Each structure stands twice: as C-alpha cells, then as structure tokens.
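Reviewing the structure listed below.
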Amino acid sequence: MSHYSALKGYYHVRETIGSGGFAKVKLAYHNLTGDKVAIKIMDKRQLGEDLPRVRTEIDAMKVLSQQHICKLYQVIETEEKFFMILEYCPGGELFDYIVAKDRLLEEEARGFFRQIASAVAYIHDKGYAHRDLKPENLLLDEDQHLKMIDFGLCAKPQGGMQRHLATCCGSPAYAAPELVAGQEYLGSEADVWSMGVLLYALLCGFLPFDDDNIANLYKKIQSGKYDVPKWLTRESVKLLDDLLQVDPKKRIPIKHLLCHPWLLTGYDVPVSFKPKHKKRYIDEDCLTELSVFYNRRREDLKREINEWNYDYLTATYLLLLNRKHKKRPIRLISQH
Ligand SMILES: COc1cc(O)cc(Nc2ccc(C(=O)Nc3ccc4c(c3)C[NH2+]CC4)cc2)c1
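So this is what it looks like as structure tokens:
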C-alpha cells in the first residue's frame, strides 16, 4: 500500500479513486475528524512543463470558495510531489451520470444547469475563467450537488476579464469557435459557449459538434450548426441558441443567463452565485472545538486560521465547518 510520508499522521490514505494525465486521486480519511477527503497527488518529475498549471490552480483555489466549487482543504509540497487535499465527491462525474441515464429530462437538466451557471457566474465575478468546462469536470457530492473541479487551465488575465487570452486549451468538443480558430478570445465568453455544449450533452446524451477528425470537428464548431433532436422543447432550443452563438459578442452574457426564462421555469427565482458562507467570518463553534482540542487561545487560533495557509489547521477548520453546515457533530478525535 502507498506510504506517502508527507501525509503520515494527518491522513489515512486508502484506495485510488481516479487517475489520469499527471495526477492520481486517492480516497483518504482526515485523522482528527475521521472525515473522508480526496487527495490529488502529482509527481513533479512527470509534470514537466505542466508544473506551472498546478501553481495556477492552487492560487485560484485559494480565492475561489463557493458551494458549487470543490473545496481545497490543504496543500502539501515536497521535493518530488504535490498533494492537494480536496472535498470528497462520492457521486462521481456528471459525465457518467448522463451516460448511465442516456439523457436527462428537462427538469433534471435544469437543476444541474442552474448549479453550473452559479459556479461559472461566481468564478467570472472573481475575475477567473475555467476554460475547460465539460461533464468530466463536474462532480456530484453525497447530496447530488454539483462541484466544479480542475482549475489547472483556468485563467485570471491581468486587468480582469476584459483582456484577451491567446493560449488554446481545454477539450476540443467543448471549445468555442473563436478559440479553435486561434483568435484572441475572452475566457468568460468561451466558458459560456462550453456551457452551451454542456447543456446540449445533458439534454441529448451526445455532443452537438463531434467528429473523429479534428479538422472536421473544428469546421462543425465554427459553423455553429447542430442537430435539434425532436424531444427538445422550443424553450430549450432557444436557450441553446443563445449559448451557441458563433459570434462571441452575440452570445448571452453570464449575468443575463442567471435570469433566462428557461432557468427560471419551476424556480421563479434567478440563479444566485454569491457564496453561501463568508470565508472571512470564522465560525465560533468550530473555533471552540479547535481551541479546546489544541489547548490554545481563541484569539491566536482565529488569527492563524485567517492567514489561510492551507495547512492542516486550515483543513481541520474547513472540515469542522463542513460538519456544522451539514448539522453533524463538531468534534475532533484525539490520536492516542
Ligand atoms: C478543486 O477541486 C479539484 C481540483 C482538481 O484539480 C481535481 C479534483 N479532483 C477530484 C476528483 C475526484 C474526487 C472524488 O472525491 N472522487 C470520488 C470520491 C469517492 C468515490 C468516487 C469518486 C466514485 N466512486 C465512489 C466513491 C474529488 C476531487 C478536484
């Protein structure tokens, strides 16, 4: 079994729950709470020139804290490896959920799409673009809530979102026409296009633009023409049309999307993207449990937590806060 010494005494590492590219994700238990976490492990040697992506993601995750974004609890860096201790999302990928159901009914697709819109509007509001939105990067937690993951390709262009990005990235089938054409593009506009491809995948169970030949795929994307299966309602087609506009300037802005009639149907309230819990406010009950457990003054602990070092104290505090939000007992287990 794995013996990651950097995790010894803090986490009890169990089986691998995912692996791909230059990372492996393992299930683990946080020793002091007994709560499950996912640990993304990356070998620096294998990362090669992708190493900066890890720092990009870690910096982004320290800023992005919202109910539909997978939480980062702790970062451990050693000579050879990076460890990202992340929120446990046992529901697996939205991709597998769609495949298992063939396609989703409009009501269920709407429930997921409202959560995706909430997460995307939030990261754009914070000046970030994801740039790799696809069902594989949306996980389900134990309450079937969506959590956005993998910010390795996200961008926070200097000078906010209005500056154009040049690097081409992300998965071709979800990439915007201006991106595959190699033109300068706005991350926020490209993300909205990817949301259109995502919504089509949710409602149809297959992709709007697909081809084994990459050149043909790019032609289809740039044509903006896609099949409209007979089961799609007029309202769904209208929304897809608003999202899959080849001209990025004609594409619906994310803020208008939050109150689009299709997203309001059955909810009657616009999608909210504000974080449910303020990060700056340290919860008194969690502080009490930590202060008693570590036998330390509340004021000192509060100051240290507010440094957000993403060390074991950050992880323990955030996991206790998770428990409070889920109305579970706030308790730490002494390790004797
Ligand atoms: C910011 O969050 C991130 C960032 C990132 O770069 C990668 C991830 N990746 C994750 C991948 C998987 C899980 C996860 O919890 N998967 C999981 C856990 C339990 C089970 C499964 C998957 C599926 N079989 C049932 C049990 C969490 C984060 C996040």
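Be aware that the sequence shown starts at 1, since it is given in our numbering, and climbs by one per residue. Positions of the beta carbon are idealized from the N, C-alpha and C atoms, including for glycine. Note that the structure is predicted; figures quoted are calculated from it, not measured.
Express the C-alpha separation of residue j and residue i in angstroms, rounding to a whole number.
i	j	result
I39	K26	5 angstroms
L217	Y200	16 angstroms
K225	E307	50 angstroms
G337	E184	Lying outside 1 to 336, the shown extent of the chain, residue 337 is not represented and no answer is given.
L153	E49	13 angstroms
D283	E299	12 angstroms
Y317	R14	22 angstroms
K29	K36	The question names Lys, but residue 29 in the sequence shown is Tyr. The alpha-carbon atoms of Y29 and K36 are separated by roughly 5 angstroms.
K220	L207	11 angstroms
C70	L86	7 angstroms
K126	D96	29 angstroms
N31	Q245	49 angstroms
E235	S194	19 angstroms
A6	R303	25 angstroms
L301	V228	57 angstroms
L140	L133	15 angstroms
What residue range does the alpha helix (DSSP H) around residue i cover?
i	result
Q144	First-last for Q144: undefined, no H or E at that position.
D241	234-243
K219	214-223
A6	Careful: A6 lies outside any alpha helix (DSSP H) and carries neither H nor E.
E184	Looking at the DSSP string, E184 is not in any alpha helix (DSSP H), and its letter there is neither H nor E.
S261	First, the amino acid is wrong: residue 261 is Pro here, not Ser. Where P261 is concerned, the enclosing alpha helix (DSSP H) stretches over 261-264.
S118	106-125
H325	312-325
Y294	284-294
R303	298-305
I254	254-257
V180	177-180
If you drop the 5 nearest sequence neighbours on each side, which residues of the same chain put their C-beta closer than 8 angstroms to that of residue i?
i	result
R280	N306
P275	S65, Q66, Q67, Y122
On the DSSP bridge assignment, give the partners of residue i in chain order.
i	result
Y11	H30
L338	Absent from the structure is residue 338, since the part of the chain shown begins at 1 and ends at 336.
A129	A155
If you drop the 5 nearest sequence neighbours on each side, which residues of the same chain put their C-beta closer than 7 angstroms to that of residue i?
i	result
C259	P270
L202	I98, L104, A109, F112, F113
A181	Q222
K24	T16, I41
### Task
Would you list, in sequence order, the uninterrupted alpha helix (DSSP H) runs of no fewer than 4 residues that lie entirely inside the stretch 16-96?
44-47, 51-63
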